[in-house]
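Asks: I am attaching a structure below and will ask some questions about it afterwards.
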Amino acid sequence: MPIADFMLIATFTTPQTIQTNPALMLWMLPLAASMAITYKATKLPIITPANFIKEAAILFASIVIIITIIALALYALTWLIAE
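Residues 1 to 83, numbered by UniProt numbering, are exactly what the sequence shown covers, in order.
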């Protein structure tokens, strides 16, 4: 195995620092949009533009709402435990 491969593998041995500020949670939106679009593109039997956009938008909204509810519930739970 060449030395370059070892150098590449060595970068995965130390954890990356990930900030946890509220603005970084906005990266959830493109992820949820890509999941909704990909899922609906593979699951709709007949794809028309209007139907596809409507179905993908509904799934996108559902994903965002459910993730927000879960995040708020976990935040409330940690607040209750910390008090």
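Positions of the beta carbon are idealized from the N, C-alpha and C atoms, including for glycine.
Would residue 10 be called buried (16 or more neighbouring beta carbons within 10 Å of its own) or exposed?
Replies: Exposed, since its Cβ has fewer than 16 Cβ neighbours within 10 Å.
Asks: Looking at residue 41: is its Cβ nearer than 9 Å to the Cβ of residue 52?
Replies: Yes, the pair counts as a contact, with Cβ atoms nearer than the cut-off.
Asks: Under a Cβ-count criterion, where at least 16 other Cβ atoms within 10 Å of its own Cβ denotes burial, should residue 76 be classed as buried or exposed?
Replies: By the neighbour-count rule (16 or more Cβ atoms within 10 Å), residue 76 is not buried but exposed.
Asks: When DSSP labels each residue in this structure, what does residue 2 get in the three-state scheme?
Replies: Looking at residue 2 - three-state DSSP - the assignment turns out to be coil, as it is neither helix nor strand.
Asks: Can you give the Cα-Cα distance for residue 22 and residue 29, rounded to whole angstroms?
Replies: Each residue's alpha carbon lies about 13 Å from the other.
Asks: Taking the C-alpha atoms as reference points, what is the distance between residue 72 and residue 32?
Replies: Looking at the two C-alpha atoms, the distance is approximately 18 Å.
Asks: Could you spell out where the alpha helix (DSSP H) holding residue 49 opens and where it closes?
Replies: Start and end: 49-82.
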